[in-house]
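Enquirer: Residue numbers 649 to 918, in this note's numbering, belong to the letters of the sequence shown in order. Heads up, the beta-carbon is just placed ideally off N, CA and C, and yes, glycines get one too. Bear in mind that the values here come from a model prediction, so they are computed numbers and not experimental data.
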Amino acid sequence: MSASPASSSEAPGLAGRTAVVTGAAGGIGRACSLRLAAAGARVRAVDMDTEGLADLVAFADKTADKTARPSGTVEAYALDLTDLDEAERAAEGADILVNNAGIQLVRPIEDFPPEVFSRVLTVMLEAPFRLVRGALPGMYERGWGRIVNISSVHGLRASAYKSAYVAAKHGLEGLSKVAALEGAPHGVTSNCVNPGYVRTPLVERQIADQAAAHGISAERVVSEVLLADAAVKRLVEPEEVAEAVAYLCGPHSSFITGASLSMDGGWTAH
């Protein structure tokens, strides 16, 4: 009789692994940090929000099962990802890299501030490149590595008024696939997770921007704009994304690489 699948509370073989998670102070990054730590990883939580990081570390320590073996940890790593040299150094020694940090601005192209466009691409595309660059030598040396890029349905589809975000996510998809091809001979996988709209502070701010852009209420933005193309009419929870990330880092996913895992409620099924 075959063994039953491990439950989500059980460690998927991450004891002794070091994970770097960017944008870790809130939303998806926070959920991923806690999930990987629960699976036994030593998590290096990267964010420029020092208060959010402190809250994350305190929460992780408070909720850790001290009787569990293995037991992971979460440590704060305060960093502005526009410091690209430091971003590369932050990933050194990582067995797992989760590129999650993101920013968003909703504006028509003709009104989109060029400096914001540049910052979005720096944080969401150039920084992931530098983080991957910093992590790969150690992964290659150890013959094992997992790169998970938190992309988006917008890495596969476009929406109006999101030129920088869509451009960055499409670029991240390409970077992930190149890392998959180069990393395969060295035991390193690279994949994207592509959620639809997730219940995070970033999306809450986006709802307000869309309401202003379309001249409608926040409620109508959710139902008529954000979820218009989704078959499942709800927001994705950060913990759902974290479960997908944990799976891609585990022992049963070694043959999955260069993939984009859609969690979009059926949006891309159209």
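State the CB to CB distance for the pair N839 and L896, rounded to an integer number of angstroms; the pair is presumed to be in contact (CB under 8 Å).
Expert: The residue labelled residue 839 in the question sits at position 191 within the sequence shown. The residue labelled residue 896 in the question sits at position 248 within the sequence shown. Correct: roughly 5 Å between the Cβ atoms.
Enquirer: Helix, strand or coil: which one does DSSP assign to D695?
Expert: Working through the sequence shown from its first residue, we reach residue 695 at position 47. Reduced to three states, the DSSP call for D695 is strand.
Enquirer: For D759 and S811, what's the separation of their Cα atoms in angstroms?
Expert: In the sequence shown, counting from the first residue as 1, residue 759 sits at position 111. In the sequence shown, counting from the first residue as 1, residue 811 sits at position 163. So the alpha carbons of these two residues sit roughly 11 Å apart.
Enquirer: What residue from A879, A876 and S824 has the CA that sits closest to I904's CA?
Expert: Along the sequence shown, one-based indexing puts residue 904 at 256. Ranking the options by Cα distance to I904, first place goes to S824.
Enquirer: Apart from the five residues just before and just after A856, which ones in its own chain have a Cβ nearer than 7 Å to its Cβ?
Expert: Along the sequence shown, one-based indexing puts residue 856 at 208. Same-chain partners within the cutoff: A866.
Enquirer: What is the DSSP secondary structure of Y788, reduced to helix, strand or coil?
Expert: For the purposes of this step, residue 788 is taken as residue 140 along the sequence shown, with counting starting at 1. DSSP places Y788 in helix when its eight states are reduced to three.
Enquirer: Beta-carbon within less than 6 Å of R781's beta-carbon, same chain only, minus the 5 sequence neighbours each way: which residues are those?
Expert: Indexing the sequence shown from 1 puts residue 781 at position 133. Same-chain partners within the cutoff: E736.
Enquirer: Taking the C-alpha atoms as reference points, what is the distance between K817 and M772?
Expert: Here residue 817 is taken as the residue at index 169 of the sequence shown, counted from 1. Here residue 772 is taken as the residue at index 124 of the sequence shown, counted from 1. Whole-angstrom Cα-Cα distance: 7 Å.
Enquirer: Reducing DSSP to helix, strand and coil, say where T721 ends up.
Expert: Translated into positions along the sequence shown, residue 721 becomes position 73. T721 falls in the strand class under three-state DSSP.
Enquirer: Give every residue of the same chain whose Cβ lies closer than 7 Å to the Cβ of G835, excluding the five residues on either side of it in the sequence, and list them in chain order.
Expert: Here residue 835 is taken as the residue at index 187 of the sequence shown, counted from 1. Only G791, W792 and G793 meet the Cβ criterion.
Enquirer: What's the gap between the Cα of A739 and the Cα of S719?
Expert: Within the sequence shown, numbered from 1, the residue matching residue 739 stands at position 91. Within the sequence shown, numbered from 1, the residue matching residue 719 stands at position 71. Distance between the alpha carbons of A739 and S719: 21 Å.
Enquirer: Apart from the five residues on each side of it in sequence, which residues of its chain come closer than 8 Å, Cβ to Cβ, to V880?
Expert: Translated into the one-based positions of the sequence shown, residue 880 becomes position 232. Excluding sequence neighbours, V880 sits near G913 and G914.
Enquirer: Tell me the rounded alpha-carbon separation between G664 and Y788.
Expert: To locate residue 664, count along the sequence shown from 1; it is residue 16. To locate residue 788, count along the sequence shown from 1; it is residue 140. Cα-Cα distance, rounded: 17 Å.
Enquirer: Label R678 either buried or exposed according to how many other C-beta atoms from any shown protein chain fall within 10 Å of its C-beta, with 16 as the threshold for buried.
Expert: Counting from 1 along the sequence shown, the entry for residue 678 is found at position 30. Counting Cβ neighbours within 10 Å, R678 comes out buried, since at least 16 surround it.
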